[in-house]
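Engineer:
Numbering (the numbering used here), first residue to last: 179 to 640.
#1: Got a sec? Which residues, its chain only, sit under 8 Å from residue 381 by beta carbon, not counting five neighbours each side?
#2: According to DSSP, residue 594 sits in a beta bridge with which residue or residues?
#3: State the start and end residues of the unbroken alpha helix (DSSP H) segment that holds residue 333.
#4: Taking 7 Å as the limit between beta carbons, can you name the residues of its chain near residue 579, skipping five residues before and five after?
#5: Taking only three categories from DSSP, how would you classify residue 421?
#6: When you compare only the Cα positions, how much space is there between residue 424 and residue 502?
#7: State the CB to CB distance for the pair residue 301 and residue 605, rounded to an integer number of angstroms; the pair is presumed to be in contact (CB under 8 Å).
#8: What residue from 527, 619, 597, 533 has the CA that sits closest to residue 549's CA?
#9: In the structure shown, what three-state DSSP assignment does residue 554 receive?
#10: When you compare the CB positions of residue 275 and residue 615, do they come within less than 9 Å of one another, or not?
#11: Quick one, are the C-beta atoms of residue 367 and residue 495 less than 9 Å apart?
#12: Identify the residues that DSSP records as bridge partners of residue 504: which are they?
#13: Could you spell out where the beta strand (DSSP E) holding residue 394 opens and where it closes?
#14: Can you list, in chain order, the residues of its chain with a C-beta nearer than 6 Å to that of residue 347? Leave out the 5 residues immediately preceding and following it.
#15: Comparing alpha-carbon positions, which option in 480, 613, 623, 617 lies nearest residue 282?
#16: Within its chain, find whatever has a CB closer than 6 Å to the CB of residue 609; leave out the 5 residues flanking it on each side and keep chain order.
#17: Considering only the beta carbon of each residue, do residue 313 and residue 515 sit closer than 9 Å?
#18: Looking only at DSSP bridge pairs, what is residue 614 linked to?
#19: Look at the alpha carbon of residue 529 and the alpha carbon of residue 418, and state the distance between them as a whole number of angstroms.
#20: Since residue 434 and residue 344 should fall inside the 8 Å C-beta cutoff, what is the C-beta to C-beta distance between them, to a whole number of angstroms?
#21: If distances are taken between C-alpha atoms only, which option among 556, 617, 581, 532 comes closest to residue 597?
#22: Does DSSP put residue 533 in a helix, in a strand, or in coil?
#23: Where residue 407 and residue 636 are concerned, what is the direct C-alpha to C-alpha distance, given to the nearest angstrom?
#24: Assuming contact is defined by CB atoms lying nearer than 9 Å, are residue 458 and residue 538 in contact in what I supplied?
#25: So what's residue 464 in DSSP terms, helix, strand or just coil?
#26: Report buried or exposed for residue 311, applying the criterion of at least 16 other Cβ atoms within 10 angstroms of its Cβ.
#27: Using the Cα positions of residue 582 and residue 317, report the straight-line distance between them to the nearest angstrom.
#28: Under DSSP, the beta strand (DSSP E) around residue 354 begins and ends at which residues?
#29: Take residue 602 and list the residues in its own chain whose beta-carbon comes closer than 7 Å to its own, dropping the five residues that flank it on each side.
#30: The beta strand (DSSP E) that contains residue 326, what's its start and end?
#31: On a CA-only basis, which of 289, 499, 620 is nearest residue 521? Give me that one, please.
#32: Got a sec? Which residues, its chain only, sit under 7 Å from residue 351 by beta carbon, not counting five neighbours each side?
#33: Can the beta-carbon of residue 505 be found less than 9 Å from the beta-carbon of residue 497?
#34: Distance, Cα to Cα, residue 525 vs residue 492?
#35: Does DSSP classify residue 454 as helix, strand or coil?
#36: Alpha carbon to alpha carbon, what distance is there between residue 426 and residue 254?
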């Protein structure tokens, strides 16, 4: 064989061998950027009786998914999407779904008890670690600080304000700090949490830099201080995501709330105790050691809301397995997509009702005689908004713990009927997409808000 022909044959064999080797590589076998190796490790010293930590950057998925089911969600483009599997944010979300949240850092009951994880809001795993890293600098002596005091309002509104303060802090490269004593915050009980007159009474520290010194900035209205309500560091990831651009702020609110609303151990135990004492189903106290039954539906009815029949109608449609329930109202939707789910999912007619209105509970109890199993929290209710009349002390403790317990019970459900113009309903929606890993489950928004041109997000109430 002449030398030229021999060389050509060798080149052909090398090319064939290279193609064969490439064919053996799995789609998930990518080299990750070094600066993200720590951004996905959310492990802590977790006790052996608690579920495994959320994400490990050094381990690939046990079973890499070959085909993803689109997430059905009102803030996704065309109300349904998957995301780009080649993106780091996508891969980290899949690992989080496979392994679960860190139950010590995010001590929700459904996480501690290893509830099934169905779908998560795109970019959640990556965002949570980015926020954690920002709020936990290596040396607080070098950290610039932003102090935020919460204005008087309902608990849902205050938490959303705190989330926007976090956005401002990240945008200005400052660590967010809340004062140990916030005179504007009335929701604490000094007997329950001596020395803590702020969110530290209930929640884990939002960061270790509590002793303020050096470069300090104080704000009380973060939403007026910045034209970038979503920290710039997330923009590139979001631009490659299935999230509608007009809804990046809603995505951020879900991420900030997920980080901020993490119960400390004392609060966790108090919620469990209150649940064992006050959870009622059709007038009878129920065993509260587990979670709500699979296929439960949850609703939150605001005080004085008149159209109660709309809530019942929505739950009846879910129980009937209707497949024509729109993901988003026609007036603001980008598609005609409707929720697809197994028709028998909600046939058992288990519902959880959260409200401060005693008339709503009376109406819900009547459903028990019509084949429904109605669960609610037994508490003192009146014809007024309790949050506008609270003062520090035992009453504040009871209301805050009851609110957190109602929120957790709503997240244990698998479908929701709510009005997204309500801060509390948005809180449920945001956390069911992240901590509860139910981003694709049916969420029926009852309230239609006429939207002006160019403002499709107006139905959210802001």
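C-beta: ideal position from N, C-alpha, C; glycine also. A quick note: this is a predicted structure, and the numbers were derived from the prediction, not measured.
Structural biologist: So, from the data block:
#1: Cβ neighbours of residue 381 beyond the five flanking positions: 438, 439, 440, 441, 442, 445.
#2: Answer by DSSP bridge pairing, in chain order: 476, 621.
#3: In the DSSP assignment, residue 333 falls within the unbroken alpha helix (DSSP H) covering 333 to 349.
#4: Around residue 579: 448, 449, 452.
#5: Per DSSP, reduced to three states, the secondary structure at residue 421 is strand.
#6: Roughly 26 Å between the two C-alpha positions.
#7: Your pair residue 301 and residue 605 does not check out as a contact, with CB atoms roughly 19 Å apart and the cut at 8 Å.
#8: Across the set 527, 619, 597, 533, the C-alpha of 527 shows the shortest separation from the C-alpha of residue 549.
#9: Note: residue 554 maps to strand in three-state DSSP.
#10: In contact: residue 275 and residue 615 (Cβ atoms closer than 9 Å).
#11: Not closer than 9 Å, so no.
#12: DSSP, once it has assigned bridges, lists 516 as partnering residue 504.
#13: First-last of the beta strand (DSSP E) with residue 394: 394 to 397.
#14: Around residue 347: 324, 354.
#15: Residue 613 is the option with its Cα nearest to residue 282.
#16: Result list for residue 609: 589, in chain order.
#17: No, they are not a contact pair.
#18: None, per the DSSP bridge assignment.
#19: One C-alpha to the other measures close to 37 Å.
#20: 5 Å between Cβ atoms; contact.
#21: Residue 597 has its Cα closest to that of 532, out of 556, 617, 581, 532.
#22: Three-state result, residue 533: strand.
#23: The alpha-carbon atoms of residue 407 and residue 636 are separated by roughly 16 Å.
#24: Contact: no.
#25: Residue 464 falls in the coil class under three-state DSSP.
#26: It counts as exposed.
#27: Cα to Cα, residue 582 sits roughly 33 Å from residue 317.
#28: Segment 353 to 355, the beta strand (DSSP E) holding residue 354.
#29: Leaving aside the five residues that flank residue 602 on each side, the residues in its chain whose CB is nearer than 7 Å to its CB run, in chain order, 334, 478.
#30: Where residue 326 is concerned, the enclosing beta strand (DSSP E) stretches over 323 to 326.
#31: Checking every option, the nearest Cα to that of residue 521 belongs to 499.
#32: The residues are 322.
#33: Not closer than 9 Å, so no.
#34: Roughly 13 Å between the two C-alpha positions.
#35: In this structure, residue 454 counts as helix in the three-state DSSP scheme.
#36: Whole-angstrom Cα-Cα distance: 10 Å.
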